[in-house]
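Chemist: Sharing a structure, written as structure tokens. Questions coming.
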Amino acid sequence: MSAQQSSSHDHFMLPQVASENTLLGLDRKMKRQSSINSTDHLDPDFYLNRPHYHDEEKSHGFTSPMLSPQQLPMVMNYPERPPTLGNFGVLALWSFATVTALLATYNLFLPTTPNHVILPTAIMFGGLAQVISGFFVLANGNTFSGILFVSYGTFWTGSGLMMVPSIGSTMDVLTKDQGDIGNGVYHFIWAFYTLINITMSLRIKGGNFMSTWNLVFVFLTLFLTGISAVAGTVIPLRISGVTAYLAALGAWYTGAAELLADQGEGLWLGHYNRRALKNK
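By the numbering used here, the letter at position 29 of the sequence shown is numbered 29, and the numbering carries on one by one without gaps.
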């Protein structure tokens, strides 16, 4: 038989199939068409028990090829970085030092001038920033420093709020003598609280001379301010300006020492020999 004399069977050609997946696709298409023509879709069990097409492919061995490590998205190659926090003690010390230096300036040079200009710094930087830093220091396990930062941060927040005219005017219900005595008692109580902290700074683990320095001059500042309020004279208030400057300088120095310690450099802080203190 020549090539031109083909039989009638040559005119009936099978469809070209690219792969077994194509046959499976035709089979799924026929099944879907038959399901549409039937009434099985009215039965809820039809939807609950029908096989999933992914399961059909998996049962026939048709699965997607696994990606090589080179084909994975680049974002998966980034190493995980543990979360880290900075030293909040530096922020707390410098915020305290800044607002204390502002107070010292008014007490020493402008004792009779209202100091309401330091209101924003007192509430936000010396107050709020120091309180938040103190809570982070507490969470890091430093109980004593955290207590100090939260305590004096709230002190400055309260002092700043009393500078607000609408809040400070609540003191107008008192006479001048009553207001002065109340102001003096307020500062005496805070001075006594600071005296307790001075004692603790000498006994705690990790105590140092600079912490005691700061607390001693904070105590003197509060005590002299109370005396000035009760006695009605500006001389103790001016002296408190000097002690406040010394407290601020100590806090700035201590904050710088902690910041440099994170960089591997050290400044002298005068850590106490606790064994020698116990022998005393």
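Where is the CB? At the ideal position from N, CA and C, for every residue including glycine.
Since this is a predicted model, take the numbers as computed values, not measurements.
With residue 187 as the anchor, note down where its alpha helix (DSSP H) starts and where it stops.
Modeler: Residue 187 sits at position 187 when you count from the first residue of the sequence shown. Counting along the chain, the alpha helix (DSSP H) containing residue 187 begins and ends at 176–203.
Chemist: Would residue 111 and residue 238 qualify as a contact pair, given that the criterion is a beta-carbon distance under 8 Å?
Modeler: For the purposes of this step, residue 111 is taken as residue 111 along the sequence shown, with counting starting at 1. For the purposes of this step, residue 238 is taken as residue 238 along the sequence shown, with counting starting at 1. Taking 8 Å as the Cβ cut-off, residue 111 and residue 238 qualify as a contacting pair.
Chemist: Determine, using beta-carbon pairs with one atom in the region 203–220 and one in the region 164–172, whether at least three such pairs fall under 8 Å.
Modeler: no
Chemist: Closest to residue 120 by C-alpha separation, out of 107, 135 and 98, would be which residue?
Modeler: Along the sequence shown, read from residue 1 onward, the residue named residue 120 stands at position 120. When only C-alpha atoms are compared, the closest one is 98.
Chemist: Suppose only complete runs of 3+ residues qualify. What are the beta strand (DSSP E) ranges in the region 195–267, listed by chain order?
Modeler: If one requires a minimum length of 3 residues, no beta strand (DSSP E) run lies completely within the region 195–267.
Chemist: If we call anything under 8 Å between Cβ atoms a contact, is residue 144 one with residue 134?
Modeler: Here residue 144 refers to the residue found at position 144 when the sequence shown is read from its first residue. Here residue 134 refers to the residue found at position 134 when the sequence shown is read from its first residue. Taking 8 Å as the cut-off, the Cβ atoms of residue 144 and residue 134 do not count as close.
Chemist: What's the C-alpha gap between residue 207 and residue 125?
Modeler: Residue 207 sits at position 207 when you count from the first residue of the sequence shown. Residue 125 sits at position 125 when you count from the first residue of the sequence shown. Distance between the alpha carbons of residue 207 and residue 125: 26 Å.
Chemist: Just tell me which of 204, 257 and 123 has its CA closest to the CA of residue 269.
Modeler: Position 269 of the sequence shown, counting from 1, holds the residue named residue 269. Checking every option, the nearest Cα to that of residue 269 belongs to 257.
Chemist: Within this structure, are the beta carbons of residue 87 and residue 259 separated by less than 8 Å?
Modeler: Start at 1 with the first residue of the sequence shown, and residue 87 comes out as number 87. Start at 1 with the first residue of the sequence shown, and residue 259 comes out as number 259. Yes, the pair counts as a contact, with Cβ atoms nearer than the cut-off.
Chemist: So, using beta-carbon positions, are residue 191 and residue 153 closer together than 8 Å?
Modeler: Here residue 191 refers to the residue found at position 191 of the sequence shown. Here residue 153 refers to the residue found at position 153 of the sequence shown. Not in contact: residue 191 and residue 153 (Cβ atoms no closer than 8 Å).
Chemist: Tell me which same chain residues have a C-beta within less than 6 Å of the C-beta of residue 178, skipping the five on either side of it?
Modeler: Translated into the one-based positions of the sequence shown, residue 178 becomes position 178. Nothing meets the Cβ criterion.
Chemist: In the DSSP assignment, find the unbroken alpha helix (DSSP H) run with residue 98 in it and report its ends.
Modeler: Start at 1 with the first residue of the sequence shown, and residue 98 comes out as number 98. Unbroken alpha helix (DSSP H) run through residue 98: 88–109.
Chemist: Determine the direct distance from the alpha carbon of residue 141 to that of residue 85, and round the result to whole angstroms.
Modeler: Here residue 85 refers to the residue found at position 85 of the sequence shown. Here residue 141 refers to the residue found at position 141 of the sequence shown. Near 13 Å, if we compare the C-alpha coordinates of residue 141 and residue 85.
Chemist: Look at the alpha carbon of residue 155 and the alpha carbon of residue 218, and state the distance between them as a whole number of angstroms.
Modeler: For the purposes of this step, residue 155 is taken as the residue at position 155 of the sequence shown. For the purposes of this step, residue 218 is taken as the residue at position 218 of the sequence shown. For residue 155 and residue 218, the distance between alpha carbons rounds to 12 Å.
Chemist: When we look at the beta-carbon of residue 75 and count the other beta-carbons within 10 Å, is it buried (16 or more) or exposed?
Modeler: Working through the sequence shown from its first residue, we reach residue 75 at position 75. Residue confidence for residue 75 is low, a pLDDT of 44 falling below 50, so the modelled location carries little weight; the figure read from the coordinates is stated next. With fewer than 16 other Cβ atoms within 10 Å, it is exposed.
Chemist: When you compare only the Cα positions, how much space is there between residue 89 and residue 267?
Modeler: Taking the sequence shown and counting its residues from 1, one reaches residue 89 at position 89. Taking the sequence shown and counting its residues from 1, one reaches residue 267 at position 267. Cα-Cα distance, rounded: 15 Å.
Chemist: Among all the DSSP beta bridges, which residues are the ones paired with residue 271?
Modeler: For the purposes of this step, residue 271 is identified with residue 271 of the sequence shown, where counting begins at 1. In DSSP, residue 271 forms a bridge with 208.
Chemist: How should residue 263 be labelled, buried or exposed, when 16 other C-beta atoms within 10 angstroms of its C-beta is the threshold for buried?
Modeler: In the sequence shown, residue 263 corresponds to position 263, counting from 1. An exposed status is given to residue 263, since fewer than 16 other beta-carbon atoms sit within 10 Å of its beta-carbon.
Chemist: So, under 8 Å CB-CB, residue 122 and residue 160 are touching, yes? Tell me the CB distance rounded to an integer number of Å.
Modeler: In the sequence shown, the residue the question calls residue 122 occupies position 122. In the sequence shown, the residue the question calls residue 160 occupies position 160. Yes, they are in contact, since the Cβ atoms of residue 122 and residue 160 sit about 3 Å apart, within 8 Å.
Chemist: Can you tell me the Cα-Cα spacing of residue 272 and residue 205, whole angstroms?
Modeler: Here the question's residue 272 lines up with position 272 in the sequence shown. Here the question's residue 205 lines up with position 205 in the sequence shown. Their backbone Cα atoms lie some 9 Å apart in a straight line.
Chemist: State yes or no: is the C-beta of residue 96 within less than 8 Å of the C-beta of residue 251?
Modeler: Working through the sequence shown from its first residue, we reach residue 96 at position 96. Working through the sequence shown from its first residue, we reach residue 251 at position 251. Yes, the pair counts as a contact, with Cβ atoms nearer than the cut-off.
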